[in-house]
Amino acid sequence: VVFHLSALIQAGGSTVTLRKDATEIIAALNNVRYWLGQVRKDAQQIVKMTDDQLLQPSTLALINSMIENASNSYAGHIDPTRGEMREGVNWIHDYIQTLAALEVTTYRVGHSPVQLIPDTRPSGVAWYKYEGDYSPRLQAGGFYGQAEGL
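Following my numbering, the numbering of the sequence shown begins with 13 at its first residue and continues without gaps.
Below, the structure is given as structure tokens:
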């Protein structure tokens, strides 16, 4: 998910709002990853304990830590040092749906630049996207239509 959100942030035509939303969701995912990592760490300690160690009061502190971190990962947590909300899975579920809204704009033929698609074929063939047409243009020693505008 983070990979795809990062791609949205780096995409050429993405809006400022989309980039902001994706950045906030990535931050929330990092919060959840941290909290669940803490739950896992505490659980690993408990699994390694002997029966006598499980009866110690310190084990209850580990269990309480697991409960707190699991709750934070779901509902989020207010950072006491900054006073800011660190979001959790519940917020991510609701907020990620804002990315489903697409901004539709008018496309005008001839007003967009030619886009070169990387050449993965033998030398001498360059692929262009121009007005919705993907077609090879073969020319020795250069790119077809580079200065002429196809």
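By construction, the Cβ of each residue, glycine as well, lies at the ideal position given by its N, Cα and C atoms. All values reported here derive from a predicted model rather than from experimental measurement.
Per DSSP, what kind of secondary structure is residue 98 in: helix, strand or coil?
-> In the three-state reduction of the DSSP assignment, residue 98 falls in the strand class.
Can you tell me the Cα-Cα spacing of residue 65 and residue 96, whole angstroms?
-> It is roughly 37 Å from the alpha-carbon of residue 65 to the alpha-carbon of residue 96.
So residue 76 packs on residue 50, CB below 8 Å; how close in whole Å?
-> Between the beta-carbon of residue 76 and that of residue 50 there is about 12 Å, and that puts the pair past the 8 Å contact cut.
What is the rounded straight-line gap between the Cα of residue 53 and the Cα of residue 78?
-> Between the alpha carbons of residue 53 and residue 78 lies a gap of roughly 9 Å.
Same chain, Cβ closer than 7 Å to residue 13, neighbours up to 5 away in sequence not counted = So the qualifying residues of the chain are 41.
Bounding residues of the alpha helix (DSSP H) (the contiguous stretch that carries residue 72) = Looking at the DSSP string, the run of the alpha helix (DSSP H) that includes residue 72 is 69-87.
Leaving out five residues on either side along the sequence, give the residues of the same chain with a beta carbon under 7 Å from the beta carbon of residue 57.
-> Result list for residue 57: 74, in chain order.
For residue 100 and residue 84, the rounded distance between their alpha carbons = Each residue's alpha carbon lies about 6 Å from the other.
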